[in-house]
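Residue numbers (my numbering): 1 to 174.
A virtual CB, placed ideally from N, CA and C, is assigned to each residue, including glycine.
Working notes, structure below.
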Amino acid sequence: MFDNIRPTRAEIYLDNIVHNLSEVKRWVGKKVKIMGVVKANAYGHGACQVAKVLIENGVSYLGVATIEEALELRECGINIPILVFGYTPLPQAKELIVHNITQTVFDINYVKDLERIALNVGKKAKVHVKVDTGMGRIGYTDLNVAEKEIEKMMEMEGVEVEGIFSHFATSDEK
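Structure representation (structure tokens):
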């Protein structure tokens, strides 16, 4: 019954990553900044190693799923901006701020908590606002609420709103 089971293995060549990145850069142009997503240990291929190659080849931002992944990158000497896509529990939020890591946000009360923590350590909490355009995971679903709350975030002394983003649920459909 299990005679056809064999180990599965994927080999990733860093030269291929460099080539793919250069193709993306050629396509989007020189003025566009590129984020390299290295969540889940760069999809099992070594986050620190892949991140360093991406940075050497022009990536200006990194994306990860969790605060733990972001801290691992900081520990291996990565100092470019890092965005955490997932939720960071408040007991770990100080680590975000101290290590200059950007947090995804979609709730004004959470942002107020981040601001309080940031002001206590004498820094600003960096945030990217997430809008849910159909994935159904996290993010603002009501754009009117999002607009009002983003305006409030922009006025907060201890918060720096770096950007806004979404994850397209059906990007290949017309």
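Rounded to whole angstroms, N4 and E11 show a C-alpha spacing of 21 angstroms.
For K126, the enclosing beta strand (DSSP E) has its first and last residue at A125 to K130. With respect to the C-alpha of N120, the residue from D132, V159, F106 and A146 having the closest C-alpha is V159. Between the alpha carbons of K123 and V28 lies a gap of roughly 33 angstroms. Assignment of V18 by DSSP, reduced to helix, strand and coil, places it in the helix class. Rounded to the nearest whole angstrom, the CA to CA distance from V50 to K152 is 37 angstroms.
Residue state for V84 is assigned as strand, using DSSP reduced to three classes.
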